[in-house]
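Chemist: Numbered per the working numbering, the sequence shown spans residues 579 to 733.
The beta carbon of each residue, even a glycine, is placed where N, CA and C say it ideally should be.
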Amino acid sequence: MSCCVLQITGLIFGGLGMLGTLAATAMPQWRVSAHVEANLVVFESIWEGLWMDCISQLGLRLQCKLYDSVLALPPPLEALRALMCLAVLLALVAFLVAIVGVNLVLVPVSWTGGGIVRDFYDPAVPVPLKRELGAALYVGWASSALLLAAGAMYC
């Protein structure tokens, strides 16, 4: 009986991890504009995702634009896209290989997070180019934890 409960719990965690991975891949909030100057009134926020950039003006108007050309994308963004798409496919194929999927989710999400933190504290990066961690990164980290838990329950 306890074996069945663990398998069902693992299946639920794996399903939630798969949905979270899909959500993190689609969300535009991978990098969010940082408001670090003394200006308390913020008129717009910039979101940068894997597939599009968005500008939110006063929280009332959201304008998103898909990237124009795949050929014009920087190589790290192409790598992040490929890894996240591969993670979604692996999570969809089988929950039994969730332990492999967690690495493919964790690498691009942590890679992006590390780059954002490094640039944020780098004095050579101009203030308008500084970014904060976006919601998609937190969804990706939570999905990695769920997939890891699901994989552990299957073992």
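Do you know offhand how far L715's Cα is from L664's?
Modeler: About 17 Å.
Chemist: If you draw a straight line from the alpha carbon of L649 to that of M731, how long is it in whole angstroms?
Modeler: Rounded to the nearest angstrom, the two C-alpha atoms are 41 Å apart.
Chemist: Could you work out which residue in P701, R696, V703, A702 is closest to L711 when comparing CA atoms only?
Modeler: Ranking P701, R696, V703, A702 by Cα distance to L711 puts R696 first.
Chemist: How would you write the range of the alpha helix (DSSP H) that V620 sits in, first residue to last?
Modeler: Element bounds for V620: n/a, residue is neither H nor E.
Chemist: Looking at C-alpha atoms only, which residue of L684, I694, P654 is the closest neighbour of L725?
Modeler: Selected option, being the one with the closest Cα: L684.
Chemist: Just to confirm the assignment: which complete alpha helix (DSSP H) runs, minimum length 4, are found wholly within the segment 687-715?
Modeler: List check, alpha helix (DSSP H) in window: nothing returned.
Chemist: Secondary structure at M731, three-state DSSP: helix, strand or coil?
Modeler: M731: helix per DSSP, three-state reduction.
Chemist: Using DSSP with H/G/I as helix, E/B as strand and the rest coil, what is L644?
Modeler: Note: L644 maps to strand in three-state DSSP.
Chemist: What does the alpha-carbon distance come out to for the pair E615 and L589?
Modeler: C-alpha separation (whole angstroms): 46 Å.
Chemist: On a CA-only basis, which of G729, M630, L636, S634 is nearest E656? Give me that one, please.
Modeler: When each option's Cα is compared against that of E656, the closest is M630.
Chemist: Under 8 Å, do C642 and P686 count as touching if we go by C-beta distance?
Modeler: No, they are not a contact pair.
Chemist: Can you tell me whether L658 is buried or exposed? The criterion is at least 16 other CB atoms within 10 Å of its CB, across all chains shown.
Modeler: Flag for L658 reads buried.
Chemist: Within this structure, are the beta carbons of T612 and V717 separated by less than 8 Å?
Modeler: Residue identity differs from the one stated: residue 612 is Ala in this sequence, not Thr. No; because the gap between Cβ atoms is not below 8 Å, this pair is not in contact.
Chemist: Under a three-way DSSP split, which group does M605 fall into?
Modeler: Looking at M605 - three-state DSSP - the assignment turns out to be coil, as it is neither helix nor strand.
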